[in-house]
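J.:
Residue numbers (this note's numbering): 1129 to 1359.
1) Whole angstroms is fine: what's the gap from residue 1136's alpha carbon to residue 1142's?
2) Give me the residue from 1269, 1330 and 1242 with the minimum Cα distance to residue 1219.
3) Could you tell me whether the Cβ atoms of residue 1336 and residue 1273 are closer together than 8 Å?
4) In the DSSP assignment, the alpha helix (DSSP H) including residue 1204 goes from what residue to what residue?
5) Can the beta-carbon of residue 1316 be found closer than 8 Å to that of residue 1291?
6) Please confirm whether residue 1269 and residue 1298 have their CB atoms less than 8 Å apart.
7) Pull up the DSSP beta-bridge partners for residue 1334, would you.
8) Determine the direct distance from the alpha carbon of residue 1329 to that of residue 1338, and round the result to whole angstroms.
9) Consult DSSP for residue 1129 and reduce its assignment to one of helix, strand or coil.
10) So, with DSSP's three-state summary, where would you put residue 1377?
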C-alpha cells in the first residue's frame, strides 16, 4: 500500500516536472495592448460613432447619458435636480463639479466641497448624507459604456462611491474608443506619477447574491448619470 502511494506521488511529481518544461506564451505586456483590439467589437472612428456606442451601452447598463452644449449645461443640471429631488450635494474642487453644484442650487451650507489637492481632510458623515456627488473623470470608454476614474479626477476614493447618485461630467476629448486608448490618456496626463486609484464604473453598482438576484446600490451608487459636454 505504501509502495502504491509512493508510486502515485512519483507519478504526480513527474507530471508536474514535465509541465514545467513546456514553454508557454505569456500574456501581452502593457505595450502590447494593440494585439487585443482585433478581437474586440469595433467602434467607429469618429466622435459621433463613439457617442452612439456609449449611448447604446448606457441603455443596457441603466446609465443615464446626457449630451449637451456648455451653454445648455446649467439647464440640464437644474432639470436633473427637479427630477431627482436632491437636497444635499457634494463635489470636489474643480471647475465643472463646482459649476454643477451651483447650477443645481446645492451650493449651500449643507454642501461638501472636497479639496484633495493637498490631502485635506473632510467630514465623512457629511459625504454619506449627500444624495448626489459631482465629479470629473479621465475617460469615457465607448466600447463598454464605462467611465474611467482616478483618485485625482474624482476627488479621492469616496466621492464617487458613497452618495447614492453619482453625476460624471466629461468633455468630448475624453470620449475614447476602448480601454487601451483610455489608459493612454491616463499615461499622457500623469506620466510616471500615477494616481493611487484607477477604476472603471460600468453602470450603477450591481451586486448579485447566491440566488442570482441583482441589487443596485449595495456597494456603490444606485444611479449613475454621465453628462458629455460638446463644444
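No residue lacks a Cβ here, since even glycine has one placed at the ideal position from N, Cα and C. Computed from a predicted structure; not experimentally measured.
T.: Judging by the given coordinates:
1) Here residue 1136 refers to the residue found at position 8 when the chain shown is read from its first residue. Here residue 1142 refers to the residue found at position 14 when the chain shown is read from its first residue. Whole-angstrom Cα-Cα distance: 10 Å.
2) Locating residue 1219 in the chain shown gives position 91, counting from the first residue. The residue with the shortest Cα to Cα distance from residue 1219 is 1242.
3) For the purposes of this step, residue 1336 is taken as residue 208 along the chain shown, with counting starting at 1. For the purposes of this step, residue 1273 is taken as residue 145 along the chain shown, with counting starting at 1. Against a cut-off of 8 Å, the Cβ pair of residue 1273 and residue 1336 comes out as no contact.
4) For the purposes of this step, residue 1204 is identified with residue 76 of the chain shown, where counting begins at 1. Looking at the DSSP string, the run of the alpha helix (DSSP H) that includes residue 1204 is 1201–1212.
5) Counting from 1 along the chain shown, the entry for residue 1316 is found at position 188. Counting from 1 along the chain shown, the entry for residue 1291 is found at position 163. Cβ atoms of residue 1316 and residue 1291: not closer than 8 Å.
6) Start at 1 with the first residue of the chain shown, and residue 1269 comes out as number 141. Start at 1 with the first residue of the chain shown, and residue 1298 comes out as number 170. No. Outside cutoff.
7) Walking along the chain shown from the start, residue 1334 turns up at place 206. Bridge partners of residue 1334 according to DSSP: 1344.
8) Position 210 of the chain shown, counting from 1, holds the residue named residue 1338. Position 201 of the chain shown, counting from 1, holds the residue named residue 1329. Cα to Cα, residue 1338 sits roughly 23 Å from residue 1329.
9) Here residue 1129 refers to the residue found at position 1 when the chain shown is read from its first residue. Only weak support is given to the placement of residue 1129: the predicted model assigns it a pLDDT of 46, under 50, and the value that follows is read from those uncertain coordinates. Collapsing the DSSP output to three states places residue 1129 in coil.
10) No information on residue 1377 is available, as it lies outside the stretch 1129 to 1359 that the chain covers here.
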